[in-house]
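Chemist:
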Amino acid sequence: LSSPKTVVLPMKSYPEGVVSESLRNLVYPLDWDAIVNYVGLPAILKDAWGGGWKNVYKVNTLDELIHAYNDTGTLCMVLQEFIEYEHFVRCICIGQENIMPIKYDPKNRRYHVEHDHLPGDLGERIVNDARMINRVMGYDMNSIEFAVKDGVPYAIDFMNPAPDMDINSITPHYFEWAVKSMADFAIEMALNPREQRSEQRWARFVE
Numbered sequence: 001l002s003s004p005k006t007v008v009l010p011m012k013s014y015p016e017g018v019v020s021e022s023l024r025n026l027v028y029p030l031d032w033d034a035i036v037n038y039v040g041l042p043a044i045l046k047d048a049w050g051g052g053w054k055n056v057y058k059v060n061t062l063d064e065l066i067h068a069y070n071d072t073g074t075l076c077m078v079l080q081e082f083i084e085y086e087h088f089v090r091c092i093c094i095g096q097e098n099i100m101p102i103k104y105d106p107k108n109r110r111y112h113v114e115h116d117h118l119p120g121d122l123g124e125r126i127v128n129d130a131r132m133i134n135r136v137m138g139y140d141m142n143s144i145e146f147a148v149k150d151g152v153p154y155a156i157d158f159m160n161p162a163p164d165m166d167i168n169s170i171t172p173h174y175f176e177w178a179v180k181s182m183a184d185f186a187i188e189m190a191l192n193p194r195e196q197r198s199e200q201r202w203a204r205f206v207e
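Under this note's numbering, the first residue of the sequence shown is numbered 1, with each subsequent residue one higher.
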């Protein structure tokens, strides 16, 4: 599974009541040169918990990065390597295993109904990578974005457990698929319920 170089940044400012001892593992001021040297430029600065392309900035210089970061307040921001993609795919995922890889135009936020937009090997890898992510995250409903560069799909956004499935967004064709797939999944879970996960698998890494 390929993913862009990514750094989670400290909040620009913290809510009232957060004491300095809680931030003892942070280094201030931030070593912006080291951060940029690792991630590279241009880069994407985005809200870790955001959606709908809110609070997303493409920064081309260190000055642009610092200026954008200074306006983020108490948002937890992520700085991510920008993949100069040749192809962009958004997968709608239902029941962890049922994956629909759709050609997507992120600049115009538009889905395209093109069934043969992926070569066989690339399509197979994207579907398998999406399934792996869903299993690890425990998401039965998700959307996952892949930016494809030099034939390699980079997973750039994969934590969307309440994805956009509006008919006006995903087109009537994919809306019909999503409704049928969700209905089939709901029936399957009603007939063959499975045990709910008591914790996410990454919890063991958190002390």
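Here a beta-carbon is modelled for each residue, glycine too, at the ideal position from N, C-alpha and C.
The structure displayed is predicted, hence computed values, not measured ones.
Specify, as a first and last residue, the run of the alpha helix (DSSP H) that VAL127 falls within.
Modeler: VAL127 -> alpha helix (DSSP H) spans 120-137.
Chemist: Measuring alpha carbon to alpha carbon, tell me which residue in VAL7, SER20, GLU86 is nearest HIS117.
Modeler: Looking at the Cα atoms, GLU86 is the closest of the given residues.
Chemist: Near LEU62, which residues of its chain fall below 7 Å by C-beta distance, leaving aside the five closest residues on each side in sequence?
Modeler: Cβ within range, chain order: TRP32, VAL36.
Chemist: Within 8 Å (strictly less), CB to CB, does ILE94 reach chain D?
Modeler: Absent from the structure is chain D; it holds one protein chain and no more.
Chemist: Going by DSSP in three states, HIS67 sits in which element: helix, strand or coil?
Modeler: If DSSP states are grouped into helix, strand and coil, HIS67 belongs with the helices.
Chemist: Quick one: grab the DSSP three-state call for ALA43.
Modeler: In this structure, ALA43 counts as strand in the three-state DSSP scheme.
Chemist: Since PRO42 contacts PHE82 with CB under 8 Å, what's their CB separation in whole angstroms?
Modeler: At roughly 5 Å, the Cβ-Cβ gap stays under 8 Å, so PRO42 and PHE82 are in contact.
Chemist: According to DSSP, is ALA48 part of a helix, a strand, or is it coil?
Modeler: ALA48: coil per DSSP, three-state reduction.
Chemist: Quick one: what does DSSP say HIS117 is sitting in, helix, strand or coil?
Modeler: Three-state DSSP puts HIS117 in coil, outside helix and strand.
Chemist: Skipping 5 residues on each side, what residues in its chain have a beta carbon closer than 8 Å to that of ASN70?
Modeler: LYS12, listed in sequence order.
Chemist: Within the same chain, show all residues whose beta-carbon is closer than 6 Å to that of LYS54, passing over the 5 residues directly before and after it, in chain order.
Modeler: Result list for LYS54: empty, nothing under 6 Å.
Chemist: Would you grab the beta carbon distance between GLU114 and LYS103 for me? Rounded to a whole angstrom, and I think it's under 8 Å.
Modeler: Indeed, because the Cβ distance is near 5 Å, the residues count as touching under 8 Å.
Chemist: If TYR111 sits next to TYR174, beta carbons under 8 Å apart, how far is it from one beta carbon to the other, in whole angstroms?
Modeler: Indeed they touch by this definition, with Cβ atoms about 6 Å apart.
Chemist: Rounding to the nearest angstrom, what Cα-Cα distance links SER3 and ALA34 in this structure?
Modeler: Using only the alpha carbons, I get a separation of about 20 Å.
Chemist: Which residue from HIS67, ILE99, PRO101, LYS58 puts its Cα closest to that of GLN80?
Modeler: The option with the nearest alpha carbon to GLN80 is LYS58.
Chemist: In the DSSP assignment, find the unbroken alpha helix (DSSP H) run with VAL179 in it and report its ends.
Modeler: Start and end: 167-191.
Chemist: Grab the span of the beta strand (DSSP E) containing PHE91 for me, first residue to last.
Modeler: Here the sequence assigns Cys to residue 91, which means Phe is not the residue at that position. Run containing CYS91: 87-94, per the beta strand (DSSP E) assignment.
Chemist: Please state if the CB of VAL56 and the CB of ILE66 are separated by a distance shorter than 8 Å.
Modeler: No, the Cβ-Cβ distance between ILE66 and VAL56 is not below 8 Å.
Chemist: So, helix, strand or coil for ASP105, using DSSP?
Modeler: Residue state, collapsed to three classes: strand.
Chemist: If we call anything under 8 Å between Cβ atoms a contact, is ASP121 one with MET77?
Modeler: No, the Cβ-Cβ distance between ASP121 and MET77 is not below 8 Å.
Chemist: Apart from the five residues on each side of it in sequence, which residues of its chain come closer than 6 Å, Cβ to Cβ, to GLY167?
Modeler: Looking at the sequence provided, one finds Ile at residue 167 rather than Gly. The residues are PHE175.
Chemist: Can you grab the Cα-Cα spacing for the pair GLU21 / ASP157, in whole Å?
Modeler: If I take the Cα positions, the gap works out to 32 Å.
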